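Read the structure below first, then the notes.
Number of protein chains: 2
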Amino acid sequence: MAAAREGQPRAVARLISFVEDDSPLLREVMQALAPHTGHARVIGLTGAPGVGKSTTTNALIAELRRAGKRVGVLAVDPSSPFSGGALLGDRIRMHDHAGDPDVYIRSMASRGHLGGLSWSTPQAIRVLDAAGFDVVLVETVGVGQSEVEIAGQADTTLVLLAPGMGDGIQAAKAGILEIGDLYVVNKADRDGADQVRRDLRGMLNLAERRDDAWRQPIVKISAARQEGLAEVVEEIDRHHAFLAETGELHRRRTRRARLEVEAIAVAELRRRWAGVGVRGELDTLAAGVAAGTTDPYTAADALLEAHLGDPGTGQA
Amino acid sequence: MAAAREGQPRAVARLISFVEDDSPLLREVMQALAPHTGHARVIGLTGAPGVGKSTTTNALIAELRRAGKRVGVLAVDPSSPFSGGALLGDRIRMHDHAGDPDVYIRSMASRGHLGGLSWSTPQAIRVLDAAGFDVVLVETVGVGQSEVEIAGQADTTLVLLAPGMGDGIQAAKAGILEIGDLYVVNKADRDGADQVRRDLRGMLNLAERRDDAWRQPIVKISAARQEGLAEVVEEIDRHHAFLAETGELHRRRTRRARLEVEAIAVAELRRRWAGVGVRGELDTLAAGVAAGTTDPYTAADALLEAHLGDPGTGQA
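Those protein sequences? They're chains U and D, same order as listed. Numbering-wise, the working numbering puts 83 at position 32 of the first sequence, and it's gapless, one number per residue. Numbering-wise, the working numbering puts 242 at position 191 of the second sequence, and it's gapless, one number per residue.
Printed below as a string of structure tokens:
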């Protein structure tokens with residue numbers, strides 16, 4: 052644990068494996084790490100396939116390293132509940148920053164059965180935070196739900212776009228307008244980059260917001276040429292200052308912690324329901340639902356009432 | 052409700068909207084529908100983008116209609132937590148079978164905040180089942196997690212492939228091997244269809260399975276030419292007979308009901324946690340986690356202990 056707190060890659064990797072495997076040791080690990088958390092800035096990076104997320108992540112790491120920051124990266128692939136895919140990605144990704152002890156990159160397959168991003172990512176963030184990384188970058192492919200989830204977990208969410216992506220981008224726009232703190236148009240040297248920026252600005256301007264709300268900047272970059280990243284980092288800093296001043300940073304982090312606590316409580320409850328005794332009861336209820344002799348709501352009530360002291364708590 | 056049970060499209064649509072909106076009336080609706088459920092066969096259809104899911108769904112509907120079956124279709128788009136996208140899809144899809152009162156097609160955006168497929172789809176299936184549809188087809192784009200989820204909800208899961216899809220298919224293979232009851236190779240008239248079938252057969256043969264386990268058939272079709280669909284329907288029937296004989300049908304349906312009951316119980320619990328009183332307590336715990344004065348496991352324990360009569364229930 053001490054080795055992980057010094058950021059030693061193998062020790063960090065081991066703790067993140069505990070997260071992925073939902074190890075029984077996780078509870079103890081998290082208890083020990085708690086006092087050392089709360090320092091890292093959590094940056095989310097999302098975008099449709101093909102916009103250049105990996106290249107941008109690498110370019111952003113390089114820029115942050117130039118500023119002396121230690122950077123931890125979680126590349127979450129919500130399209131892969133199967134852990135096999137993560138390894139190849141790791142090997143490809145590690146290349147650019149291989150040998151730099153102040154960069155740690157980890158691909159994570161989001162796990163289906165515990166609700167994906169909402170379960171494992173915040174805990175992996177917590178490990179990297181306690182390991183002393185100044186910035187934790189969470190990269191996720193933009194497939195709708197994961198975009199929304201990442202926005203709930205990051206201090207600052209970057210949405211990456213690129214020209215020439217066609218309908219995909221158009222379709223995505225309705226969604227991404229709700230989640231970005233900062234928009235990054237990659238492949239700025241290509242035709243259409245300015246058009247993407249103009250379209251996006253137009254759409255952002257249409258959205259209603261309060262006068263004192265954050266006005267999302269749009270930054271053009273060429274990740275492959277390492278151009279424009281300094282401005283991205285500046286805007287991230289500016290957003291962070293905004294969050295801190297308005298108290299929104301505290302609110303976001305508390306919300307993230309609340310989701311995490313809820314997810315763990317729910318997982319724990321499911322574990323109890325799967326336990327001897329309760330499991331048989333649940334199976335009986337489920338068989339009744341399958342047979343049509345009862346409905347799922349009545350069965351859920353029965354399950355809760357049998358395992359909650361006060362079934363009426365908090366209800367109107 | 053009676054109108055929905057007769058399969059009147061507007062009445063059915065209204066009840067499914069209740070599901071999508073998580074209406075307070077849902078509980079009452081499900082209680083009333085329960086005795087009328089358990090008759091429909093639930094068929095899952097999944098595959099990567101581009102393999103021809105919509106065309107295959109339409110061809111399969113036509114084949115099932117030829118056999119006199121009433122068909123309900125749920126097209127679930129897990130990449131869209133935003134409801135806007137569903138409408139256009141509806142309009143395009145309805146075209147082929149427009150005016151046929153025995154076909155009902157509905158696009159559903161999977162909802163982010165309640166866990167997507169696992170929440171709304173089983174309830175929409177329940178509505179269509181009670182409305183007297185003989186077959187409920189659940190079509191979902193194959194993006195990993197949703198594939199796995201659909202396999203948990205259908206009696207029979209069809210995995211759709213096509214030649215010429217390149218790396219996407221290769222990458223997907225590890226996952227789809229675990230979920231298909233029946234593999235369908237679309238675009239059989241194209242080069243490479245036989246190769247896809249051979250590769251897939253080879254991989255399926257490598258997987259360990261018991262001697263009495265179901266051996267997944269691979270059927271070649273051309274959905275656009277309406278060729279091969281009769282064989283698909285035959286294989287679905289054969290799989291259904293296998294499930295019924297082995298008792299697996301009952302097990303699958305009970306498991307589906309169990310997941311549904313659990314999901315509703317968890318949602319109900321979250322609702323209570325969001326209620327006055329508990330919410331303040333949860334916020335206090337979350338603020339402690341965000342500040343590093345406590346860890347999420349200890350906070351989750353506190354939350355459960357305060358709202359469960361017997362915190363030790365079901366634990367070892």
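Think of the CB as a built atom: it goes at the ideal place given N, C-alpha and C, for glycine as much as any other residue. Please read all numbers here as calculations on a predicted model, not as lab measurements.
Counting along the chain, the unbroken alpha helix (DSSP H) around Leu84 of chain D starts and ends at Leu77 to Leu84. The beta carbon of Leu320 of chain U sits closer than 8 Å to some beta carbon of chain D. Contact annotation: Val127 of chain D and Thr172 of chain D have beta-carbon atoms nearer than 8 Å.
A contact is defined here as three or more CB-CB pairs under 8 Å, and the segment 308-323 of chain U fails this definition with respect to the segment 275-293 of chain U. Cβ atoms of Leu355 of chain D and Leu320 of chain U come within 8 Å of each other, at about 7 Å.
The beta-bridge partner set that DSSP reports for Ile176 of chain D is empty. Unbroken beta strand (DSSP E) runs of no fewer than 3 residues, entirely contained in the segment 53-126 of chain D, are found at 92-98, following chain order. Using a CB distance cut-off of 8 Å, Trp265 of chain D does not count as an interface residue toward chain U. The segment 181-188 of chain U makes contact with the segment 113-125 of chain U, as at least three CB pairs between them are under 8 Å. The beta strand (DSSP E) runs lying completely inside the segment 250-302 of chain D and spanning 3 residues or more are 269-271, given in chain order.
A direct Cα-to-Cα measurement between Gly253 of chain U and Val247 of chain D gives close to 46 Å. Excluding its 5 nearest sequence neighbours in each direction, Asp352 of chain D has no C-beta neighbour in its own chain below 6 Å.
Taking C-alpha positions only, Ile112 of chain U is separated from Ala325 of chain D by approximately 38 Å. Cβ proximity to chain U below 9 Å picks out Trp324, Ala325, Gly326, Val327, Gly328, Val329, Arg330, Leu333, Asp334, Leu336, Ala337 and Ala338 from the segment 324-338 of chain D.
As DSSP reads the structure, Arg322 of chain D sits in no beta bridge.
With contacts defined by Cβ atoms closer than 8 Å, Gly231 of chain D and Gln267 of chain D form a contacting pair. Around the beta carbon of Met81 of chain D, 16 or more other beta carbons lie within 10 angstroms, which makes this residue buried. What Ala341 of chain D touches in chain U, judged by beta-carbon distance under 8 Å, is Gly89, His301, Arg304, Thr305, Arg307 and Ala308, going in chain order. For Leu212 of chain D, no chain U residue has a C-beta closer than 9 Å to its own C-beta; the minimum C-beta separation is roughly 17 Å. Burial check for Met159 of chain D: the Cβ neighbour count within 10 Å reaches 16 or more, so the residue is buried. Taking C-beta atoms as the reference points, Thr107 of chain D and Leu211 of chain D count as a pair closer than 8 Å.
Residue burial annotation: Glu296 of chain D is exposed, with fewer than 16 other C-beta atoms found within 10 angstroms of its C-beta. DSSP links Glu190 of chain D through a beta bridge to D:Leu96 and D:Ala126. A straight line joining the alpha-carbon of Ala54 of chain D with that of Ile176 of chain D spans about 17 Å.
At a Cβ-Cβ threshold of 8 Å, Thr305 of chain D and Ala341 of chain U count as neighbours. Straight-line measurement puts the Cα of Thr349 of chain U at about 8 Å from the Cα of Arg78 of chain D. In the three-state reduction of the DSSP assignment, Leu211 of chain U falls in the strand class. Leu233 of chain U carries a strand assignment under DSSP once its states are collapsed to helix, strand and coil. DSSP, read as helix, strand or coil, puts Arg306 of chain D in helix.
Taking a C-beta distance under 8 Å as the contact criterion, His90 of chain D and Asp153 of chain D do not qualify as a contact pair. Contacts with chain D (Cβ-Cβ distance below 7 Å) from the segment 342-355 of chain U involve Ala342, Gly343, Thr345, Asp346, Pro347, Tyr348, Thr349, Ala350, Ala351, Leu354 and Leu355, listed in chain order. Taken through DSSP and simplified to helix, strand or coil, Arg241 of chain U comes out as coil. With its beta carbon less than 8 Å from one in chain U, Met81 of chain D belongs to the interface. Interface flag for Ile315 of chain D against chain U is set, since a Cβ pair is found closer than 8 Å. Here Ser273 of chain D is buried: its Cβ has 16 or more other Cβ atoms, across all protein chains shown, within 10 Å. Residue nearest to Asp240 of chain D within the set D:Asp250, D:Gly95, D:Gly215 and D:Ala258 is D:Gly215 (criterion: CA-CA distance).
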